[in-house]
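Residue numbers (the working numbering): 4 to 196.
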């Protein structure tokens, strides 16, 4: 399957990295397609339905937090008396303190990027946004999930779904505020977690 990832967003696309001066390092955190791939996998592996659907932007962001911050996930799993722990302690990419806990401003670029490429659909019902993989998105997410480069991240997503997948976005937000006082709740808005 050919890659559906080509963009001119504010973050750098793989295509745009060639234009960066060789003396300037580019971190993986700046690469749009890596964030997009993670969210596709998140929908596939943490979502409900055969395709992969997550109801609510808050839930999507909180599940993403626990994928990106394995130590935080381990603390929550222990708090909930679940015997599931992450195999890594590495933070995948940083998030900031937002009104509803951990947040990534790039969601506003990445989600439309995925929707424009017909990899996800976005629907609003009352005050809740629903994000669901399209058939094309599900196929691409399955392909990513088979790649060894995404094996560790895929396993982390499966652990997160097992422990937290049935909780609502609000329940996840409240759990984060309860457990991570100094790491999240006491930070000012926009501060890196």
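Quick reminder that beta carbons are idealized off the backbone N, C-alpha and C, glycines included. As the structure is a computational prediction, the values presented were derived from the model and not from experiment.
Could you compute how far the alpha carbon of residue 144 sits from the alpha carbon of residue 80? If I take the Cα positions, the gap works out to 26 Å.
Between the CA atoms of residue 35 and residue 138 - distance to the nearest angstrom: Straight-line Cα distance between these residues: approximately 22 Å.
If you follow the alpha helix (DSSP H) that residue 75 is part of, which residue opens it and which one closes it? For residue 75, the enclosing alpha helix (DSSP H) starts and ends at 73-82.
DSSP three-state label for residue 90, please. Residue 90 falls in the coil class under three-state DSSP.
Close beta carbons around residue 89, own chain, < 8 Å, minus the five adjacent residues each side: Sequence-distant partners of residue 89 (beyond 5 residues in either direction) whose C-beta falls short of 8 Å from its own C-beta, in its chain, are 73, 74, 76, 77, 159 and 162.
Where does residue 183 sit, in a helix, a strand or coil, going by DSSP? In the structure shown, residue 183 sits in coil (DSSP, three-state: anything other than H, G, I, E or B).
Three-state secondary structure (DSSP) at residue 194? In the structure shown, residue 194 sits in coil (DSSP, three-state: anything other than H, G, I, E or B).
Return helix, strand or coil for residue 133, following the three-state DSSP convention. Reduced to three states, the DSSP call for residue 133 is strand.
Check for me: the alpha helix (DSSP H) holding residue 41 runs from which residue to which? In this chain, the alpha helix (DSSP H) harbouring residue 41 covers 35-49.
Name the one or two DSSP bridge partners that residue 57 has. Residue pairing by DSSP puts residue 57 in a beta bridge opposite 134.
Residues sharing a beta bridge with residue 126, DSSP: Checking the DSSP bridge columns, you'll see residue 126 partnered with 133.
Give the single residue among 37, 47, 42 and 41 whose Cα lies nearest to the Cα of residue 141. Of the listed residues, the one whose Cα sits closest to residue 141 is 47.
Nearest-angstrom Cα separation, counted from residue 82 out to residue 114: Taking the straight line from one Cα to the other gives about 31 Å.
Given a cut-off of 7 Å on the beta-carbon distance, is the pair residue 147 and residue 40 in contact? In this structure, residue 40 lies closer than 7 Å to residue 147 by Cβ.
Cα-Cα, which of 134, 129, 128 and 127 is closest to residue 121? Minimum Cα distance to residue 121 is reached at 134.
Top-ranked residue by Cα proximity to residue 130, from 112, 136, 172 and 116: Considering only 112, 136, 172 and 116, the residue with the shortest C-alpha distance to residue 130 is 172.
Own chain partners of residue 168 with C-beta closer than 7 Å, once the 5 adjacent residues on each side are dropped: Counting only residues of its own chain and dropping the five nearest sequence neighbours on each side, residue 168 has a CB closer than 7 Å to the CB of 49.
Specify, as a first and last residue, the run of the alpha helix (DSSP H) that residue 116 falls within. Here the alpha helix (DSSP H) through residue 116 covers 110-119.
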